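Residue numbers (the numbering used here), protein chains in the order written: chain A, 83 to 312; chain V, 83 to 312; chain P, 290 to 507; chain X, 290 to 507.
We put the CB at the ideal spot given by N, CA and C, even for glycine.
From a predicted model like this one, the values you see are computed outputs, not experimental measurements.
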């Protein structure tokens with residue numbers, strides 16, 4: 083079974099207005115650049131996007147923000163993006179802020195068939211408003227529900243035609259869990275190899291979670307905070 | 083920081099009567115042979131053991147069963163062990179059977195600070211008796227609670243002095259999650275290398291979850307069902 | 290003539306589609322792997338932590354660290370992956386496995402299944418069966434139509450402790466192929482030479498027979 | 290004389306013990322890494338998915354795929370490991386990280402902390418801060434004693450939206466080291482040359498002073 087599609091254009095077939103989509107990455111690290119760019123050239127809009135961040139003004143998901151394709155963002159951190167702040171404050175953009183660990187776990191839960199679970203994060207804060215709470219081991223916890231998506235879009239370092247993925251360094255972040263939580267998961271990879279070439283002991287995301295895969299092009303990998311040793 | 087201990091004898095320091103302990107492995111695959119053998123030579127008893135299986139009559143946890151060191155087993159499958167059946171039927175041994183996926187997730191939850199979560203497995207069966215149930219997405223689920231242990235004992239293929247672990251093939255099974263869920267986690271490995279020799283991109287169990295590590299000796303790796311192609 | 294185990298497996302193999310991720314239980318289900326049609330490719334999931342299970346090994350390639358959920362030594366195919374039990378059941382519980390084929394002691398006309406315990410006689414544990422039946426969209430039971438005492442295993446209500454409720458979709462026995470419907474077991478196909486009356490007699494639960502029932506084609 | 294940022298970081302470094310797994314927030318906490326005593330070794334966790342964070346890279350070794358939670362390019366040390374965000378927060382939530390050091394806008398005498406939002410002015414999001422403060426056993430806040438307007442940041446009750454409740458254990462400011470206790474902020478140490486009266490004046494919440502308060506030794 084070969085899950086390969088030709089390119090980003092073919093990969094996004096079936097994406098529609100109003101869908102919920104997940105995008106991997108932390109800051110600009112490990113984001114699916116090809117699909118974001120492709121999608122920002124379409125008129126697909128009213129999207130609910132689940133992503134830890136929302137890119138910067140002129141890169142990553144910021145491109146889709148500028149084109150007002152996003153109706154709602156579900157994220158843990160959205161700083162460093164002026165257009166984002168403008169749309170949020172004007173009410174054009176709906177924003178749901180979720181603690182980062184809770185976000186990660188809600189996505190994993192969506193992929194793992196766990197509809198809800200308890201965590202301590204956010205109890206007693208705005209995050210807990212309207213949520214059920216309950217004590218375990220003398221500590222209060224919130225009931226948190228799973229996230230799923232019509233499409234999950236992830237970026238990996240290497241992948242094979244069976245959909246297996248390997249990430250490099252901290253470019254894994256949300257990609258692994260999001261792959262689990264998409265009804266359709268698209269993976270763009272820097273290097274696509276035939277099934278059998280990756281060591282089966284060292285697969286980060288097993289192919290079962292990936293429906294479409296292609297080798298991306300022209301990766302920019304912009305660095306947000308270039309910090310060097312003196 | 084070096085987490086290395088000399089051998090199994092040093093590794094089990096602090097184990098006491100009445101403790102709860104997890105043992106990795108599926109059947110006889112990936113079981114911590116050295117620690118089990120060492121423990122079966124002690125008089126430590128009244129143990130609650132969480133392990134997917136309980137070895138066979140004369141190997142693995144079966145050794146500790148024979149010496150009546152185990153008060154209670156929490157497992158998903160306990161077949162193929164005559165002494166186990168005898169102790170269970172006579173009431174000498176308490177047994178709590180947990181669906182395998184629920185067992186795995188309860189252990190992960192214990193390590194991940196998630197006190198409880200919902201799963202569909204076991205609803206409407208004996209497993210659901212006395213448990214809270216609740217509907218999500220039109221389907222009934224059970225509330226399941228996390229497992230933790232005083233000691234978790236796992237077996238890996240390779241490990242380093244920082245406690246990082248790598249498993250081979252299906253010998254991973256419960257080992258990875260159990261490492262997360264022990265107050266003290268002991269890892270025995272076939273090959274112990276200095277920190278820095280394992281590729282940090284391909285660590286299965288990060289060292290933070292492991293408190294003691296040593297290179298095991300004399301691995302037997304008994305095969306339960308030798309099946310060959312004709 | 291009733292189907293033998295291999296023929297039941299061969300009929301079940303017809304349920305598979307190209308690209309399916311498949312979990313096979315112990316017993317007859319394991320045999321299904323031998324009858325996957327040549328023109329399709331399926332990927333076998335083993336709940337102890339692998340995707341891409343291959344055949345049994347040779348004496349030279351056998352490895353104690355590479356077993357399936359039945360604890361048999363096996364091999365892996367190109368594109369395989371290994372992972373821990375939590376991830377394995379994330380696949381199962383999350384609905385990523387397309388079809389689960391397993392054995393049973395009893396199935397009820399509501400789709401309940403009993404497969405793990407005979408009180409007072411046998412308690413080996415449920416292993417992964419409860420997780421599998423509670424989660425998979427497509428659950429096929431492979432079993433004999435009657436037990437060794439000649440009693441029907443397709444019942445109005447299960448008598449043994451349950452593995453799961455309202456989960457079985459299709460049943461393939463030595464006598465017939467049936468679907469679980471709101472109104473009972475719907476007869477779809479019959480074993481070559483086996484009559485509808487024979488199947489009716491061997492089925493304790495409600496049997497729905499509509500129109501002509503074709504013979505199983507292997 | 291009040292401590293500068295580097296001195297606050299240096300004092301906090303004294304809280305570290307050999308073998309500790311440490312999560313450092315953005316700002317002053319990041320500086321703590323520069324002052325780890327030579328005789329101990331700690332392992333830095335970055336919640337975006339790594340253990341064993343090293344120094345900033347050189348121009349030659351910089352890699353866009355290797356950043357910390359502050360999105361700064363970094364390096365890794367021998368014994369490092371990389372993992373996904375769910376595993377990273379499993380470490381944090383599961384209590385495997387020994388100490389968390391983070392900044393704050395306000396801390397209350399109950400140990401509540403506000404650090405992520407100023408209504409109408411700033412909403413960047415909580416990132417991993419809520420998970421960190423709700424989970425870690427040992428939470429140290431590094432901050433200025435007063436804000437830019439000269440108002441105390443150690444309050445009876447926080448005025449800004451909370452990050453977590455009853456979680457802060459210790460606070461190190463430019464003026465003092467304090468513990469959160471049942472009865473209020475307990476003064477442990479004062480910056481060299483800073484008087485107890487000055488600290489009292491700068492602390493809106495209840496300040497407990499028992500016996501002689503030693504000066505911070507750096």
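Check your understanding: Tell me which same chain residues have a C-beta within less than 7 Å of the C-beta of residue 498 (chain X), skipping the five on either side of it?
Key -> The sequence position of residue 498 (chain X) within the fourth chain is 209, counting from 1. Here the set comprises 476, 485.
Practice item. Answer with yes or no whether the minimum CB distance from residue 369 (chain X) to chain V is below 7 Å. Key: For the purposes of this step, residue 369 (chain X) is taken as the residue at position 80 of the fourth chain. So, interface residue.
Practice item. Provide the residue(s) that pair with residue 310 (chain X) in DSSP beta bridges, ordered along the chain. Key: Position 21 of the fourth chain, counting from 1, holds the residue named residue 310 (chain X). Secondary-structure assignment with DSSP links residue 310 (chain X) through a beta bridge to X:332.
Practice item. Note down, one range per segment and in chain order, each beta strand (DSSP E) of at least 3 residues found wholly within the stretch 262 to 298 of chain V. Key: Counting whole runs of 3 or more residues, the stretch 262 to 298 of chain V contains the beta strand (DSSP E) stretches 264 to 275, 294 to 297.
Check your understanding: In chain A, which residues lie less than 8 Å from residue 365 (chain P) when you measure between Cβ atoms?
Key -> Walking along the third chain from the start, residue 365 (chain P) turns up at place 76. Near residue 365 (chain P) (Cβ distances below 8 Å), the residues of chain A are 282.
**Study point:** Simplified DSSP assignment, three categories, for residue 420 (chain P)
**Key:** Stepping through the third chain from its first residue, residue 420 (chain P) is reached at position 131. Residue 420 (chain P): helix per DSSP, three-state reduction.
**Study point:** Residue environment, residue 301 (chain A), which counts as buried when at least 16 other CB atoms sit within 10 Å
**Key:** Looking up residue 301 (chain A) in the first chain gives position 219. Under this definition residue 301 (chain A) is an exposed residue.
Review point. In or out: residue 347 (chain P) buried (at least 16 other Cβ within 10 Å) or exposed?
Key: As a working mapping, residue 347 (chain P) is identified with position 58 in the third chain. Note on residue 347 (chain P): under 16 other CB atoms within 10 angstroms of its CB, so exposed under the neighbour-count rule.
Review point. Curious, which full-length beta strand (DSSP E) runs of at least 3 residues does the stretch 230 to 256 of chain A contain?
Key: Those beta strand (DSSP E) runs which fall completely within the stretch 230 to 256 of chain A and span 3+ residues are 231 to 242.
Check your understanding: Mind checking residue 336 (chain X): buried by the 16 CB within 10 Å criterion, or exposed?
Key -> Walking along the fourth chain from the start, residue 336 (chain X) turns up at place 47. Residue burial is scored here from C-beta neighbours: residue 336 (chain X) has at least 16 other C-beta atoms within 10 angstroms and is therefore classed as buried.
Point to revise | Inter-residue Cα distance where the pair is residue 322 (chain P) and residue 364 (chain P) | key: In the third chain, the residue the question calls residue 322 (chain P) occupies position 33. In the third chain, the residue the question calls residue 364 (chain P) occupies position 75. Rounded to the nearest angstrom, the two C-alpha atoms are 13 Å apart.
Exercise for review: Leaving aside the five residues before and after residue 176 (chain A) along the sequence, list all residues of the same chain whose C-beta is less than 8 Å from its C-beta, in chain order.
Suggested key: Within the first chain, numbered from 1, the residue matching residue 176 (chain A) stands at position 94. Contacts found: 153, 154, 155.
Practice item. For the stretch 222 to 245 of chain V, enumerate the residues whose C-beta is nearer than 7 Å to any C-beta of chain X, in chain order. Key: Under the 7 Å Cβ criterion, the stretch 222 to 245 of chain V contributes 242, 244.
Point to revise | Helix, strand or coil at residue 279 (chain X) [DSSP, three-state] | key: Nothing about residue 279 (chain X) can be read from this structure; chain X reaches only from 290 to 507.
**Study point:** Contact set between residue 305 (chain A) and chain X, taken where Cβ atoms lie within less than 7 Å
**Key:** By 1-based counting over the first chain, the position of residue 305 (chain A) is 223. Ordered by position in chain X, the residues that pass the 7 Å Cβ test against residue 305 (chain A) are 353, 362.
Exercise for review: Please classify residue 221 (chain V): does DSSP put it in a helix, a strand, or coil?
Suggested key: Taking the first residue of the second chain as 1, we reach residue 221 (chain V) at position 139. Three-state DSSP puts residue 221 (chain V) in a strand.
Exercise for review: Figure out for me which residue from V:293, V:271, V:306, V:310 has the closest Cα to the Cα of residue 299 (chain V).
Suggested key: The residue you call residue 299 (chain V) lines up with position 217 of the second chain. When each option's Cα is compared against that of residue 299 (chain V), the closest is V:271.
Exercise for review: Spatial neighbours of residue 128 (chain V) within its chain, please: CB distance less than 7 Å, with the 5 preceding and 5 following residues excluded, ordered by chain position.
Suggested key: As a first step, residue 128 (chain V) must be located in the second chain, where it is residue number 46. 99, 100, 153, listed in sequence order.
Check your understanding: So the beta strand (DSSP E) residue 368 (chain X) belongs to, where does it begin and stop?
Key -> Here residue 368 (chain X) refers to the residue found at position 79 when the fourth chain is read from its first residue. First-last of the beta strand (DSSP E) with residue 368 (chain X): 365 to 371.
Review point. Of the residues X:471, X:470, X:352, X:465, which one's Cα is nearest the Cα of residue 478 (chain X)?
Key: Position 189 of the fourth chain holds residue 478 (chain X). Out of X:471, X:470, X:352, X:465, X:465 has the C-alpha closest to the C-alpha of residue 478 (chain X).
Point to revise | Cutoff 7 Å: residue 196 (chain A) Cβ touching any chain V Cβ | key: Taking the first chain and counting its residues from 1, the one referred to as residue 196 (chain A) is at position 114. Chain V, which has a Cβ nearer than 7 Å to the Cβ of residue 196 (chain A), makes this yes.
Exercise for review: May I ask you to report which of helix, strand or coil DSSP gives residue 311 (chain A)?
Suggested key: In the first chain, residue 311 (chain A) corresponds to position 229, counting from 1. In this structure, residue 311 (chain A) counts as coil in the three-state DSSP scheme.
Practice item. Using a Cβ-Cβ cut-off of less than 8 Å, list which residues of the stretch 200 to 212 of chain A approach chain V; keep chain order. Key: Residues of the stretch 200 to 212 of chain A with a C-beta less than 8 Å from any C-beta of chain V: 200, 201, 202, listed in chain order.
Review point. The beta strand (DSSP E) spanning residue 298 (chain P) covers which residue range?
Key: As a working note, residue 298 (chain P) is residue 9 in the third chain. In the DSSP assignment, residue 298 (chain P) falls outside any beta strand (DSSP E) and within the unbroken alpha helix (DSSP H) covering 294 to 302.
Review point. From which residue to which residue does the beta strand (DSSP E) around residue 201 (chain A) run?
Key: Residue numbering aside, residue 201 (chain A) sits at position 119 when the first chain is read from its first letter. Element bounds for residue 201 (chain A): 198 to 201.
Exercise for review: Within 10 angstroms of the Cβ of residue 204 (chain A), are there 16 or more other Cβ atoms? Answer buried if so, exposed if not.
Suggested key: Position 122 of the first chain, counted from the start, is the residue given in the question as residue 204 (chain A). Taking a 10 Å sphere around the C-beta of residue 204 (chain A), we find 16 or more other C-beta atoms and assign the residue as buried.
Practice item. Check the C-beta distance from residue 109 (chain A) over to residue 306 (chain A) and give it rounded, since I have them as a contact under 8 Å. Key: Stepping through the first chain from its first residue, residue 109 (chain A) is reached at position 27. Stepping through the first chain from its first residue, residue 306 (chain A) is reached at position 224. Indeed they touch by this definition, with Cβ atoms about 5 Å apart.
Point to revise | Below-7 Å beta-carbon distance, residue 154 (chain V) vs any chain P residue | key: On the second chain, residue 154 (chain V) is found 72 positions in, with the first residue counted as 1. No Cβ of chain P is located within less than 7 Å of the beta carbon of residue 154 (chain V).
Review point. For the candidate residues X:382, X:313, X:331, whose alpha-carbon lies nearest to that of residue 223 (chain A)?
Key: Taking the first chain and counting its residues from 1, one reaches residue 223 (chain A) at position 141. Ranking X:382, X:313, X:331 by Cα distance to residue 223 (chain A) puts X:382 first.
Check your understanding: Going by DSSP, which residues form a beta bridge with residue 227 (chain V)?
Key -> As a working note, residue 227 (chain V) is residue 145 in the second chain. In DSSP, residue 227 (chain V) forms a bridge with V:198.
Exercise for review: Quick one: list the residues of chain A neighbouring residue 340 (chain P), beta-carbon separation under 8 Å, in chain order.
Suggested key: Here residue 340 (chain P) is taken as the residue at index 51 of the third chain, counted from 1. Residues of chain A passing the Cβ test: 288, 289, 290.
Check your understanding: Enumerated in chain order, which unbroken segments of the beta strand (DSSP E) with a length of 3 residues or greater are wholly contained in the stretch 414 to 473 of chain P?
Key -> With a minimum length of 3 residues, the continuous beta strand (DSSP E) runs that stay inside the stretch 414 to 473 of chain P are 428 to 431, 459 to 461, 465 to 470.
Exercise for review: Spell out whether any CB of chain V is found under 7 Å from the CB atom of residue 394 (chain X).
Suggested key: Taking the fourth chain and counting its residues from 1, one reaches residue 394 (chain X) at position 105. It does not: the Cβ of residue 394 (chain X) has no partner Cβ on chain V nearer than 7 Å.
Check your understanding: Can a CB atom of chain A be found closer than 7 Å to the CB of residue 322 (chain X)?
Key -> Residue numbering aside, residue 322 (chain X) sits at position 33 when the fourth chain is read from its first letter. Look at residue 322 (chain X): its C-beta is not under 7 Å from any C-beta on chain A.
Review point. Considering only C-alpha positions, which residue in the set X:448, X:343, X:295, X:488 is nearest to residue 405 (chain X)?
Key: Residue mapping note: residue 405 (chain X) aligns to position 116 of the fourth chain, counting from 1. The shortest C-alpha separation from residue 405 (chain X) is found at X:448.
Practice item. Assign residue 479 (chain P) to one of three DSSP states: helix, strand, or coil. Key: For the purposes of this step, residue 479 (chain P) is identified with residue 190 of the third chain, where counting begins at 1. Strand, per DSSP.
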